[in-house]
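Undergrad: Please find one structure pasted underneath; my questions will follow.
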Amino acid sequence: MDSGRRDVLPRHTQPTLAPRMSFMWVGMLLTGSWIYGSYSILVNLSQVNGQIPFSSAAVILMIELTKFLISFAMYMPEFRQSFRLPHVSVRTALSYSVPAVLYAFNNNIALYINEEMDPATFQVLSNLKIVTTALLYRVVIKRVISVPQWLAIFLLVLAGMCDGYGGLETKSKSGARTEVFITVQGLVMLLAYCSVSAVAAVYTEYILKKQLMTSLHVQNMVLYTYGCVLNITAILWQRQILNQGTKQGLFSGFSVYTWLIIITQAFSGLIMSVVFKHGSNLTRLFIISGAMLVSMVMSILILGTTLNVYFVIAAVLVTFAIYLYHQ
């Protein structure tokens, strides 16, 4: 590990804390990929006439609340051993506000991004997170990027351009929801989404490992408390400023698919926290990469999505880029 990285990111934990080759670890990563890949499919299934019928902040609030309750339940065995409340300084607690704000923004915008593109396109272009995360690691964490990894980044950008062009062309010729498509607004939103995602992920890894001896469940509860407060604020803003659902309940527009989004995304967030604490953002990128295949298969089987040649080329480029990056 070079000195530049030591100055910024705490030393990684020993492998004993993260049994990377164990059945549970591999199973968790595979489950994470499946959940990540199914997200855009569930959002698509929950839409009514191509629009989400519920408050995005209400859904994210329920996800954050579910994660908090699960973390609280998982912390109880630790608490019973000492019967002492965890000590979290004000300064430490405040440090969690940064990723909480970023996640609140990204989790809400992700729902609206899925109105601007099909699930398969969303998943393929989400691999641009590899680009933003790698560049952030290079600039902030001082991680050296090898020549094959630079080539992989170039291929990912090329794949994004290819898929974006194909999606825009399809959208201009046909409005069919069973074909891959993307709008200009969706492309801009997704680029912002990938950039914010990288900052949030790297910062979260930093603070979780900085307080290495603090229980992950305690750290999660602090982060999710911020998430609940921020999304309650967002709900009030949507109702008062945007006049959305002023006469409707919190769960207005919810369906079975909405609750599946809440449950799966809650577990996805918990899995990612384990990855950040005992793995790294590079492990997270494996989950994102594997999710692309899951989303493509589910889009074809469940939604009957028709893939165009640009999408196929982009998928091949992404697959090869992933291979190069993780060599």
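Counting in the working numbering, the sequence shown runs without a single skipped number right up to 449 at its last residue. Glycine included, every Cβ here is placed at the ideal spot set by N, Cα and C.
1) Does the Cβ-Cβ distance between glutamate 200 and cysteine 350 come in under 7 Å?
2) What does DSSP give as the partner residue(s) for valine 148 in the beta ladder?
3) Check glutamine 370 in the structure and name its three-state DSSP category.
4) Taking DSSP as the reference, what is the three-state secondary structure of methionine 335?
5) Is it buried or exposed, tyrosine 346, if we count other Cβ atoms within 10 angstroms and call 16 or more buried?
6) Grab the span of the alpha helix (DSSP H) containing glutamate 200 for me, first residue to last.
7) Mind checking whether cysteine 316 and threonine 405 have CB atoms under 7 Å apart?
8) Check alanine 437 in the structure and name its three-state DSSP category.
9) Rounded to the nearest angstrom, how far is the Cβ of isoleucine 410 from that of lysine 251, given a contact under 8 Å?
10) Give me the Cα-Cα distance between asparagine 249 and methionine 198, rounded to the nearest whole angstrom.
11) Going by DSSP, what residue range makes up the alpha helix (DSSP H) through phenylalanine 219?
12) Roughly how many whole angstroms lie between the Cα atoms of leucine 312 and arginine 202?
13) Tell me whether glutamine 449 sits in a helix, a strand or coil according to DSSP, three-state version.
14) DSSP three-state call for glutamine 173: helix, strand or coil?
15) Compare the beta carbon distance of isoleucine 267 and alanine 256 with 7 Å and say whether it is the shorter of the two.
16) Do you know how far the Cα of lysine 399 is from the Cα of lysine 332?
17) If I measure Cβ to Cβ from isoleucine 385 and keep anything under 8 Å in the same chain, skipping five residues before and after, which residues do I get?
18) Assuming leucine 423 is part of the alpha helix (DSSP H), what are its boundary residues?
19) In three-state DSSP terms, what is proline 137?
20) Compare the beta carbon distance of alanine 195 and serine 421 with 7 Å and say whether it is the shorter of the two.
21) Compute the beta-carbon to beta-carbon distance between asparagine 353 and isoleucine 182, rounded to the nearest angstrom, for a pair I have assumed lies under 8 Å.
22) Hey, could you find the ends of the alpha helix (DSSP H) aspartate 247 is sitting in?
23) Identify the continuous alpha helix (DSSP H) that holds valine 396 and give its terminal residues.
24) Would you tell me roughly how many angstroms separate the C-alpha atoms of alanine 388 and serine 155, rounded to the nearest one?
25) Near proline 221, which residues of its chain fall below 6 Å by C-beta distance, leaving aside the five closest residues on each side in sequence?
26) I need the straight-line Cα distance from asparagine 166 to leucine 207, nearest angstrom please.
27) Where do the N-terminal and C-terminal ends of the alpha helix (DSSP H) with lysine 251 fall, by residue?
28) In the structure shown, what three-state DSSP assignment does serine 417 receive?
TA: Walking through what the data contain:
1) no
2) DSSP lists no partner for valine 148.
3) coil
4) coil
5) buried
6) 178-204
7) no
8) helix
9) 6 Å
10) 37 Å
11) Position check: residue 219 holds serine in this sequence, whereas phenylalanine was assumed. From DSSP, the alpha helix (DSSP H) with serine 219 extends over 219-235.
12) 44 Å
13) coil
14) strand
15) yes
16) 9 Å
17) Thr188
18) Segment: none, leucine 423 is in no alpha helix (DSSP H) and carries neither H nor E.
19) Low confidence applies to proline 137: its pLDDT is 39, below 50, so where it sits in the model is not reliable, and the reading given next is rough at best. If DSSP states are grouped into helix, strand and coil, proline 137 belongs with the helices.
20) no
21) 5 Å
22) The amino acid occupying residue 247 in the given sequence is leucine; aspartate does not appear at that position. That run of the alpha helix (DSSP H) goes 241-247.
23) 378-400
24) 14 Å
25) Ala322, Tyr325 and Thr326
26) 42 Å
27) 250-258
28) helix
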